[in-house]
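Here's the structure, in structure tokens; my notes come after.
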Amino acid sequence: MSGEPILAIVGAAAPASQDTGTYTPAGLMAEASAAAIKQAGIEKSDIDGLFSASSFYYMPTLNLGEYLDITPRYSDSTTIGGCSFVAHLHHAAAAIAAGEMTIGLIAYGSTQRSIGSRFVKSMSEPLAYEVPYGPMWPIAGFALQAQRHMHEFGTTSEQLAEVAVATRGWAGLNPAAAMRDPITVEDVLNSPMICSPLHRLDCCLVTDGGGALIVTSPERARDLTDQPIYVLSGSEAHIARYVTGHPDFVTSPGAISGPAALDKAGVSLEDIDHVQIYDPFTIAVIIALEDLGFCAKGEGGAFVEDGKTRPGGSLPLNTDGGGLSNRHPGMLGMNLILEAVAQLRADAGDRQVADANVSLVHGLGGVYTATATAVLANKSFLK
Amino acid sequence: MTSSVYDFSGVAPAAHGEESTWFEYCRDHRLMIQHCASCDQYQFPPRSICASCLAESPQWVEAAGTGIVFTYTNQYREPPGFKGQVPYTIAMIELEEGPRLMSRVVDAKHIKIGMPVEIRWATIAEGTDVPVFVPIGTDSL
Ligand SMILES: [Zn+2]
Numbered sequence: 002m003s004g005e006p007i008l009a010i011v012g013a014a015a016p017a018s019q020d021t022g023t024y025t026p027a028g029l030m031a032e033a034s035a036a037a038i039k040q041a042g043i044e045k046s047d048i049d050g051l052f053s054a055s056s057f058y059y060m061p062t063l064n065l066g067e068y069l070d071i072t073p074r075y076s077d078s079t080t081i082g083g084c085s086f087v088a089h090l091h092h093a094a095a096a097i098a099a100g101e102m103t104i105g106l107i108a109y110g111s112t113q114r115s116i117g118s119r120f121v122k123s124m125s126e127p128l129a130y131e132v133p134y135g136p137m138w139p140i141a142g143f144a145l146q147a148q149r150h151m152h153e154f155g156t157t158s159e160q161l162a163e164v165a166v167a168t169r170g171w172a173g174l175n176p177a178a179a180m181r182d183p184i185t186v187e188d189v190l191n192s193p194m195i196c197s198p199l200h201r202l203d204c205c206l207v208t209d210g211g212g213a214l215i216v217t218s219p220e221r222a223r224d225l226t227d228q229p230i231y232v233l234s235g236s237e238a239h240i241a242r243y244v245t246g247h248p249d250f251v252t253s254p255g256a257i258s259g260p261a262a263l264d265k266a267g268v269s270l271e272d273i274d275h276v277q278i279y280d281p282f283t284i285a286v287i288i289a290l291e292d293l294g295f296c297a298k299g300e301g302g303a304f305v306e307d308g309k310t311r312p313g314g315s316l317p318l319n320t321d322g323g324g325l326s327n328r329h330p331g332m333l334g335m336n337l338i339l340e341a342v343a344q345l346r347a348d349a350g351d352r353q354v355a356d357a358n359v360s361l362v363h364g365l366g367g368v369y370t371a372t373a374t375a376v377l378a379n380k381s382f383l384k
Numbered sequence: 533m534t535s536s537v538y539d540f541s542g543v544a545p546a547a548h549g550e551e552s553t554w555f556e557y558c559r560d561h562r563l564m565i566q567h568c569a570s571c572d573q574y575q576f577p578p579r580s581i582c583a584s585c586l587a588e589s590p591q592w593v594e595a596a597g598t599g600i601v602f603t604y605t606n607q608y609r610e611p612p613g614f615k616g617q618v619p620y621t622i623a624m625i626e627l628e629e630g631p632r633l634m635s636r637v638v639d640a641k642h643i644k645i646g647m648p649v650e651i652r653w654a655t656i657a658e659g660t661d662v663p664v665f666v667p668i669g670t671d672s673l
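Protein chains in written order, with my numbering: chain H, 2 to 384; chain L, 533 to 673.
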């Protein structure tokens, strides 16, 4: 039924020092990379492709290459926002298929919490026509989408809050998560309004973090590990740079990249055991569930209302506690992949989803004006 | 420069090229969008080309200055440069001609999506006037 895997992940690691404030973003990238290289059982010199995206470095693969002393023959700093690393997966597959690379390193590091917002200036380039009104980014852009979604479909603040409550439930099962105490819908509604209709607890955390992935062809992976995690497909889309250019404020480009990724993988939503959806704000998850096809457009609020995405529910979603309660280093796409890999390796501890063999990873970028979707699976699924 | 009805502190953008042209029209209190003679499309933000058919030099035309609130948010955190103004309403205004632009809705008894609004002008910094919108009729203060 399913298609052939296009890529294998043979190493996946987070930086051990990600919460200590000890290292620069490049330092965190390198620390995670060293761990992933060791896990993959390869030599640094085996790596001939580098992939990165950053809010700190204008040319992040150059920083990565210098810091690790790697000279790649393939280099990809594609930046489409926080989902960039998800896009890098199918970019890597294409590079391997074209014979331009054999083993790639995808890496990310961020110290946005410990050093504040000293980002590359161009990363936050504002639109001249929006600046005079002082919208706070990115929250105002998501608030405008949430308000429109409520207007068109009757989505409620309680339904948005359920996303935060369910995600906090998963964080409670993750000893590494930043926020683990259970919350209720009332807690979310009683938290301070930031940009209506979004309250403080509708918003993600601001943390440091990062990660690294070693990727190669499925054939090569067989020589390296008994437990490769396969990428069955990847797809990306973007519809605008600024919220002003958003076509309708209720449909994300996930309506393009999501179905395309599922189609390319040859899987249906019934095959999906576990979902990681980029959650900077609660509304993003509701829109994603619609755009991915878990429910019809406009029904995302009602879909989550019964608690089906909580631990023990029928759709395990953001099982690490997500950006809302686990960590959010600014570009969450790497964390989405790391958690999918943990679940597919049955390495997720108390939060392990039983028989998790296929995972859907769905990232966003910009003001939900870009998305990248990938389908990951383990060997059990391909048998 | 014509006198403005509203006077908020705000942030003047670093504008270049077609952006500067648009803000210069704003100094004369003219809300400009663009119209393409080749394909009869209106567009905003202004561009060097028509984003629909790629015709060059789309024409600057003055919008009627009326529209509806397409969506909005009440912002409660004070951004730098907006001292003492929160909460205030940021909205996407859908102009009568079709394009949408970000703006503020002021002097509203309440705010709701779909409410008709019309243009006013606000001075947000020395030499920078920008459009804001007020409700038409009974929704107005
Ligand atoms: Zn045209």
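Every residue gets a Cβ at the ideal spot worked out from N, C-alpha and C, and that includes glycine.
Compare the C-beta of residue i with all C-beta atoms of chain H and state if any pair is closer than 8 Å.
i                : result
Met624 (chain L) : yes
Ile651 (chain L) : no
Arg559 (chain L) : no
Val537 (chain L) : no
Ala544 (chain L) : yes
Pro648 (chain L) : no
Ala547 (chain L) : yes
Pro611 (chain L) : yes
Ile656 (chain L) : yes
Thr700 (chain L) : Nothing about residue 700 (chain L) can be read from this structure; chain L reaches only from 533 to 673.
Arg562 (chain L) : no
Where does the unbroken alpha helix (DSSP H) through residue i begin, and where does it stop?
i                : result
Gly66 (chain H)  : 61-69
His567 (chain L) : No alpha helix (DSSP H) contains His567 (chain L), which is instead part of the beta strand (DSSP E) from 564-567.
Met30 (chain H)  : 26-41
Tyr557 (chain L) : 550-559
Asn336 (chain H) : 334-345
Where DSSP assigns a beta bridge to residue i, which residues make up the other side?
i                : result
Leu106 (chain H) : H:Leu51, H:Ile215
Val543 (chain L) : BP columns for Val543 (chain L) are empty, so no partner.
Leu361 (chain H) : H:Val276, H:Val376
Gln575 (chain L) : L:Gln566
Pro663 (chain L) : L:Trp653
Ile230 (chain H) : H:Ile10
Asn191 (chain H) : DSSP output for Asn191 (chain H) lists no bridge partner at all.
Arg636 (chain L) : L:Ile622
Tyr75 (chain H)  : H:Gly50
Output the boundary residues of the beta strand (DSSP E) element that contains residue i.
i                : result
Cys205 (chain H) : Careful: Cys205 (chain H) lies outside any beta strand (DSSP E) and carries neither H nor E.
Cys84 (chain H)  : Looking at the DSSP string, Cys84 (chain H) is not in any beta strand (DSSP E), and its letter there is neither H nor E.
Leu586 (chain L) : Per DSSP, Leu586 (chain L) belongs to no beta strand (DSSP E) and is neither H nor E.
Val593 (chain L) : 591-594
Taking 8 Å as the threshold (beta carbon to beta carbon), is residue i in contact with chain L?
i                : result
Ala378 (chain H) : no
Ser158 (chain H) : no
Phe86 (chain H)  : no
His152 (chain H) : yes
Pro219 (chain H) : no
Ser123 (chain H) : Annotation note: pLDDT 49 at Ser123 (chain H) (below 50); position unreliable, coordinate value reported separately. No, Ser123 (chain H) does not count as interfacial toward chain L.
Leu145 (chain H) : yes
Ile71 (chain H)  : no
Thr245 (chain H) : yes
Glu340 (chain H) : no
Glu131 (chain H) : yes
Ile195 (chain H) : yes
Pro136 (chain H) : yes
Thr25 (chain H)  : no
Gln148 (chain H) : yes
Thr374 (chain H) : no
Pro312 (chain H) : no
Ala371 (chain H) : no
Please work out which residues of its chain come closer than 7 Å, Cβ to Cβ, to residue i, disregarding the five sequence neighbours upstream and downstream, and give them in chain order.
i                : result
Met194 (chain H) : His200
Pro133 (chain H) : none
Asp356 (chain H) : Asp274
Ala14 (chain H)  : Ala33, Ala36, Ala37, Gln40, Gly212, Ala213
In its own chain, which residues sit with a C-beta less than 6 Å from the C-beta of residue i, not counting the 5 before and 5 after it?
i                : result
Ile107 (chain H) : Phe52, Phe86, His89, Leu214
Lys265 (chain H) : Ser234
Pro298 (chain H) : Reading off the sequence, residue 298 (chain H) comes out as Lys, not Pro. Closer than 6 Å at Cβ, skipping near neighbours: Glu291.
Asp321 (chain H) : Asn175, Asn327, Glu340
Pro545 (chain L) : none
Could you name the residues of the same chain whose beta carbon sits closer than 8 Å to that of residue i, not counting the 5 residues immediately before and after it, in chain order?
i                : result
Gly83 (chain H)  : Tyr279, Pro281, Gly331, Met332, Leu333, Gly334, Gly364, Leu365, Gly366
Cys296 (chain H) : Leu290, Ala303, Phe304
Asn358 (chain H) : Asp274, Leu345, Ala378, Asn379, Ser381, Phe382
Gly646 (chain L) : Ile600, Val601
Gln617 (chain L) : Phe540, Ser541, Glu610
Pro198 (chain H) : Ala144, Ala147, Gln148, Met151, Ser158, Leu161
Establish whether the CB of residue i and some CB of chain C are separated by less than 8 Å.
i                : result
Pro176 (chain H) : Of the protein chains in this structure, namely H and L, none is chain C.
Problem set entry | Lining residues of ligand 1 - beta-carbon closer than 6 Å to any non-hydrogen atom, in sequence order | This criterion selects L:Cys568, L:Ser570, L:Cys571, L:Gln573, L:Cys582, L:Ser584, L:Cys585, L:Ala587.
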